[in-house]
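Heads up, the thing below is written out as structure tokens.
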Amino acid sequence: MNRMTTTTPVASSSTTLGAEGYNFAYLDEQTKRMIRRAILKAVAIPGYQVPFGSREMPLPYGWGTGGIQVTASVIGPQDVLKVIDQGADDTTNAVNIRRFFAKTAGVATTEKTDQASLIQTRHRIPEKPLTENQILIYQVPLPEPLRKLEPRETETRTMHALEEYGVMHVSLYEDIAHFGRITKSYDYPVRVNDRYVMAPSPIPKFDNPKMDRMPALQLFGAGREKRIYAVPPYTKVKSLDFEDHPFEIETWDEPCALCAATDSYLDEVVTDDKGGRMFVCSDSDYCADRRDAGHAGPGLPTAPKAISRDGGKP
Amino acid sequence: MTAPRTPLLTVDGLTHRYGERIGCSDVSFQMFPGEVLGIVGESGSGKTTLLKCISGQMEPTEGSILYASRDARDVEVYGLGEARRRMLMRTDWGIVYQNARDGLRMKVSAGANVGERLMAIGERNYGDIRHQAEDWLTRVEMDIARMDDLPATFSGGMQQRLQIARNLVTKPRLVFMDEPTSGLDVSVQARLLDLVRGLVSTLGLACIVVTHDLGVVRLLSHRLMVMKGGRVVEHGLTDQVLDDPQHAYTQLLVSSILPV
Amino acid sequence: MYVAVKGGEQAIENSQALLADRRRGDRSLPELTIAQIREQMPLAVDRVMTEGSLHDRDLAALAIKQAAGDMHEAVFLLRAYRTTLPRFGISEPLNTDRMHIHRRISATYKDLPGGQVLGASFDYTHRLLDFALAAGDDRPVAELAEHAVDARMPRVAEILDHEGLIECEAPDSDDAPVSDITRESPRYPADRAARLQALARGDEGYLLALGYSTQRGYGNNHPFVGEIRHGTVSVEFEPEELGFPIEIGEIEVTECQMVNQFKGSTTKPPQFTRGYGLTFGHCERKAMSMALVDRALRAEELGETIDAPAQDHEFVLSHSDSVEASGFVQHLKLPHYVDFQAELVTVRALREKARRLAESSDDPESSSIAAE
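Residue numbers (my numbering), protein chains in the order written: chain A, 1 to 314; chain B, 315 to 574; chain C, 575 to 946.
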């Protein structure tokens with residue numbers, strides 16, 4: 001099959017789970033209830049970081065334990081799960097997490113954005129707009145947007161409570177004073193619902209506008225730091241900026257080398273050690289879709305179908 | 315003065331204890347707009363405790379502090395929620411600390427230090443913020459060519475000027491100063507005091523200056539309170555208190571410190 | 575051609591197979607058994623149990639085997655297992671007074687009721703590599719004393735207590751629930767129970783370094799080893815339907831009570847204060863380090879100046895857990911090329927700007943970027 005047009009049911013059925021002795025989706029029901037309560041609170045207070053009793057997971061902290069706990073708490077047997085890291089479905093972290101849920105929950109998985117009901121992500125938002133029927137779950141390493149400016153949790157909590165966010169703009173001011181522009185390029189701070197300043201997790205600022213009034217529910221899980229936060233559907237999300245130095249996203253001088261997209265986030269691929277490079281979509285599903293629709297980028301010397309979704313594997 | 319003299323600040327029966335120990339005891343006074351009050355006493359006399367309590371940094375054990383806010387209502391400083399109190403402290407009030415490190419953000423530029431208060435109250439135009447920062451740095455006689463430098467690269471006197479500019483940018487009505495000139499060279503002290511005196515009179519600021527240096531209060535303050543052992547032992551017009559001290563302690567202070 | 579990031583799934587499976595192979599090593603040598611690890615590497619097992627917060631020698635030995643001897647990895651395995659276990663309830667507090675003693679020493683008294691019991695320790699060995707051991711260990715079983723050690727062995731803290739020389743342990747109110755760091759996210763400043771829990775599962779190397787720093791002047795707290803005791807204690811549990819506690823088993827623990835000088839404050843007379851350390855198994859270095867750090871973290875409560883890292887609750891407690899630390903440090907290995915691309919775009923733009931600036935003007939006043 002030269003492309004996956006349907007969702008792939010996982011080979012093992014629920015009776016032959018590899019993770020014997022563990023509950024559906026690994027976490028016990030009590031823990032799931034605790035996490036769901038935290039999620040409900042987070043949805044009720046958009047952008048507010050809700051502390052929760054994060055568990056040790058069979059994956060190291062910093063590798064998506066927060067996202068996994070959130071996913072494990074909201075996933076049901078009918079869900080279709082997509083997992084991406086850096087926009088791609090086949091990077092090691094994404095593969096590991098997808099296999100974890102295939103093994104412990106036996107759910108269907110997919111690489112197609114529009115066929116997933118749950119998408120767990122590290123560092124990207126898919127290019128294809130999400131819908132009301134989807135939930136986007138972010139893996140968050142450092143949930144506190146003020147942390148780099150103020151290391152103390154006691155102080156940052158007070159700053160959030162009292163909406164003392166002047167210092168956030170101070171850091172942007174410093175960028176402009178020294179470099180003539182805001183240099184923050186990822187994990188670019190946003191203000192949610194005109195109230196809480198929030199870290200969007202280390203997505204490139206290119207993705208920030210997608211968060212604004214997104215129809216899908218956005219959930220954020222930080223396992224090591226023990227925080228959950230959320231942006232409910234259709235909530236205002238504004239990237240911090242100045243009137244005379246408005247927020248801007250990255251642009252590229254050339255289109256995707258494979259699918260010729262000019263509207264997607266591009267990764268730089270080094271092709272030799274003499275400065276040769278090409279730019280390709282970071283969202284692998286988006287890129288494959290475009291190629292299948294007949295778009296061909298300048299990096300494809302042969303017929304466009306030669307490189308398809310499975311990356312040219314025989 | 316033609317405006318009706320309603321007090322800006324009314325302190326009544328203010329007492330603060332640290333466990334068994336008295337910090338300050340039963341202090342009462344009023345301050346009027348545009349007035350400079352000096353508080354003097356040796357270390358341990360309770361003047362810094364008093365300043366911390368009045369300026370919203372430490373809730374006193376007893377007593378009340380009423381402040382006439384801009385909307386002309388008297389508010390109890392510690393009756394306000396923390397959010398409103400902190401807002402008051404960073405807009406309507408200013409605090410100049412003895413140690414510039416306590417009053418400045420040392421890891422950001424001079425310009426950002428001055429601009430921070432503006433950003434905190436919602437100003438979002440970089441050009442305007444920068445322009446106002448330049449204006450205030452000029453008014454405290456700092457070189458605006460250095461506005462993108464870090465505070466640590468400035469001299470002690472310049473750091474104090476920067477603190478002052480940072481506080482005045484939101485046009486406060488009441489400024490607290492805790493030993494603003496101690497630790498500076500005499501000549502630097504004199505120039506700083508000159509500057510403060512000029513700003514206070516042109517801006518019509520009310521100011522409370524805590525110091526152990528009678529020279530400072532002689533130059534700046536209209537009225538003077540002398541503290542000893544946590545209590546106010548003498549209170550009156552500055553010249554009167556210094557030229558004709560009534561309390562034995564004030565007499566000692568004046569004769570031992572002030573060169574006649 | 576562009577294939578660089580494809581094929582992850584198969585590569586992962588291959589990596590796992592290689593790891594398993596490497597763990598097994600040379601197949602001509604016999605495989606390690608769990609029992610061998612449990613019996614012949616007892617101190618490694620103890621450390622993994624302590625930091626893994628699970629008292630089970632066989633599981634700890636399995637974790638060490640599975641982790642190919644990587645102790646942090648073994649701790650992690652045990653923790654990830656532990657977190658899924660159902661909770662039946664909370665045991666009664668351990669009574670280390672009634673410990674069946676294997677070792678008990680005090681540095682504050684030459685002799686004391688119950689005496690100094692050296693037990694098994696490296697303290698009295700010469701650190702000379704024993705080449706005879708390389709050839710094999712056929713030493714006879716050590717001879718044991720005819721009489722068990724004195725069952726009445728008062729703790730040193732109690733001896734000082736008679737004179738009122740040492741602070742009373744603050745009595746916990748019986749009603750207040752004890753904090754549980756495995757179920758709640760931390761709040762600062764943390765109460766002592768939460769602190770001790772975090773320290774007990776904290777990384778030994780980290781606590782050792784912090785404890786050491788207090789001795790070198792970063793928050794000196796003038797410690798004496800009041801007592802170290804190692805042995806077994808019984809665990810009691812009160813099932814709801816029974817109404818009284820019953821013994822459900824024995825565990826091996828090491829306890830350290832540090833006695834520290836205290837000059838007194840406005841409210842307290844001069845007296846000695848305590849620092850406390852407790853570990854599973856025999857982890858003496860860890861118990862001592864923990865006691866030093868526990869005492870350092872009490873600086874605020876005792877009205878001491880806080881100027882050293884070991885006295886700072888947020889600093890000490892939020893970095894003590896090796897599972898958290900190891901995960902986050904190593905997550906830097908995960909792909910970050912999206913973030914990196916964002917940084918590349920920014921840096922190129924800044925450099926481009928600098929270049930244009932340099933080209934467009936040789937006039938002196940715009941020689942720096944910042945001057946724009």
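Note that beta-carbon positions come from the ideal geometry of N, C-alpha and C, so glycine has one too. Values in this document were obtained by computation on a predicted structure and should not be read as measured data.
To be precise: take each residue of the stretch 470-490 of chain B, compare its Cβ to all Cβ atoms of chain A, and keep it if any distance is under 8 Å. Which residues remain? The residues in question: there are none.
Cβ contact (3+ pairs, closer than 8 Å) linking the stretch 124-131 of chain A and the stretch 145-156 of chain A: No, because fewer than three Cβ pairs between the stretch 124-131 of chain A and the stretch 145-156 of chain A fall closer than 8 Å, the two stretches do not touch.
Coarse secondary structure for ALA247/A, derived from DSSP in three states: Note that residue 247/A is Phe in the sequence shown here, rather than Ala. Under the three-state reduction of DSSP, PHE247/A is assigned to coil, being neither helix nor strand.
At least 3 beta-carbon pairs within less than 8 Å: the stretch 809-825 of chain C vs the stretch 679-694 of chain C: They do not touch, by the three-pair rule.
Candidates GLN49/A, ALA25/A, GLN30/A: closest to VAL231/A by CA position: Distance check between VAL231/A and each of GLN49/A, ALA25/A, GLN30/A places GLN49/A closest, using alpha-carbon atoms only.
With a cut-off of 8 Å on the beta carbons, I'd call LEU891/C and PRO751/C a contact; round off their distance for me. A Cβ-Cβ separation of about 19 Å leaves LEU891/C out of contact with PRO751/C under the 8 Å criterion.
Measure the C-alpha to C-alpha separation of LEU266/A and ALA288/A and round it to an integer number of angstroms. If I take the Cα positions, the gap works out to 14 Å.
For THR699/C, which of helix, strand or coil comes out of DSSP? Correct three-state label for THR699/C: coil.
Got a sec? Which residues, its chain only, sit under 6 Å from GLN565/B by beta carbon, not counting five neighbours each side? Excluding positions up to five away in sequence, the list reads PRO559.
Can you find at least 3 beta carbon pairs, one from the stretch 470-477 of chain B and one from the stretch 488-503 of chain B, that sit closer than 8 Å? Touching, per the Cβ criterion.
Would you kindly report the start and end of the unbroken beta strand (DSSP E) that includes GLY327/B? Start and end: 323-332.
Give the straight-line distance between the Cα atoms of MET539/B and ILE353/B, rounded to the nearest whole angstrom. Their Cα atoms are separated by approximately 5 Å.
Spatially closest choice to LEU142/A from VAL912/C, ARG726/C, VAL919/C, HIS905/C, by CA coordinates: The shortest Cα separation from LEU142/A among VAL912/C, ARG726/C, VAL919/C, HIS905/C belongs to HIS905/C.
Tell me whether THR607/C sits in a helix, a strand or coil according to DSSP, three-state version. THR607/C: coil per DSSP, three-state reduction.
Helix, strand or coil for ARG480/B, going by three-state DSSP, please let me know. DSSP places ARG480/B in helix when its eight states are reduced to three.
8 Å contact criterion, which ARG487/B and ASP388/B should meet: CB distance rounded: In this structure, ARG487/B and ASP388/B do not form a Cβ contact; the two beta carbons are roughly 14 Å apart against a cut-off of 8 Å.
Quick one: does MET433/B have its CB under 8 Å from some CB of chain A? Yes - at least one Cβ of chain A is within 8 Å of the one on MET433/B.
Of all the options ASN795/C, TYR786/C, GLN640/C, GLY791/C, which has the alpha carbon lying nearest to the alpha carbon of ASP595/C? Of the listed residues, the one whose Cα sits closest to ASP595/C is GLN640/C.
Rounded to a whole number of angstroms, what is the C-alpha to C-alpha distance between GLN915/C and GLU268/A? In this structure, the straight-line span from the alpha carbon of GLN915/C to that of GLU268/A is close to 7 Å.
Using only alpha-carbon positions, find the residue among GLY76/A, THR262/A, ALA88/A that is nearest to PHE24/A. Comparing Cα-Cα distances from PHE24/A to each of GLY76/A, THR262/A, ALA88/A, the minimum goes to GLY76/A.
Where the alpha helix (DSSP H) through LYS976/C begins and ends: What the structure shows of chain C is the stretch from 575 to 946, and residue 976/C is not part of that stretch, so it cannot be assessed.
HIS887/C lies in the alpha helix (DSSP H); which residues open and close that run? Here the alpha helix (DSSP H) through HIS887/C covers 887-892.
I need the straight-line Cα distance from THR847/C to TYR26/A, nearest angstrom please. Distance between the alpha carbons of THR847/C and TYR26/A is about 45 Å.
Candidates LEU908/C, GLN590/C, ARG653/C: closest to THR91/A by CA position: That would be LEU908/C, whose Cα lies nearest to the Cα of THR91/A.
Measuring only between beta-carbons, confirm whether VAL321/A sits less than 8 Å from chain C. Summary: the structure shown does not reach residue 321/A, with chain A confined to residues 1 through 314, and so no result is reported for it.
Spatial distance of LEU773/C from PHE220/A (CA atoms): The alpha-carbon atoms of LEU773/C and PHE220/A are separated by roughly 29 Å.
Assign MET420/B to one of three DSSP states: helix, strand, or coil. Per DSSP, reduced to three states, the secondary structure at MET420/B is coil, with no helix or strand assignment.
Express the C-alpha separation of GLY417/B and MET403/B in angstroms, rounding to a whole number. Roughly 13 Å separates the two Cα atoms.
Residues that ASN96/A contacts on chain C, provided the C-beta gap is smaller than 8 Å: The answer, in chain order, is ILE586.
Taking only beta-carbon atoms, is ALA414/B less than 8 Å away from chain A? The Cβ of ALA414/B sits no closer than 8 Å to any Cβ of chain A.
Suppose you measure from the CA of VAL649/C to the CA of LEU636/C; what does that come to, to the nearest Å? Distance between the alpha carbons of VAL649/C and LEU636/C is about 11 Å.
Could you tell me whether the stretch 820-830 of chain C touches the stretch 698-712 of chain C, using the rule of 3 or more Cβ pairs below 8 Å? Under the Cβ criterion (8 Å, minimum of three pairs), the stretch 820-830 of chain C does not count as touching the stretch 698-712 of chain C.
Within the continuous beta strand (DSSP E) that includes ILE852/C, where are the two ends? According to the sequence provided, residue 852/C is Leu. The question's Ile does not apply to it. It spans 847-854 - the beta strand (DSSP E) in which LEU852/C sits, taken as one unbroken run.
Decide yes or no for the touch test of the stretch 668-678 of chain C against the stretch 788-797 of chain C: beta carbon pairs closer than 8 Å, at least 3 of them. By the Cβ criterion, the stretch 668-678 of chain C is not in contact with the stretch 788-797 of chain C, since fewer than three pairs of Cβ atoms, one from each stretch, lie closer than 8 Å.
Taking just the CA atoms, how far does GLY529/B sit from PHE468/B? Their Cα atoms are separated by approximately 25 Å.
Ranges of the alpha helix (DSSP H) found wholly within the stretch 476-526 of chain B, counting only runs of at least 4: Complete alpha helix (DSSP H) runs here, min 4: 500-517.
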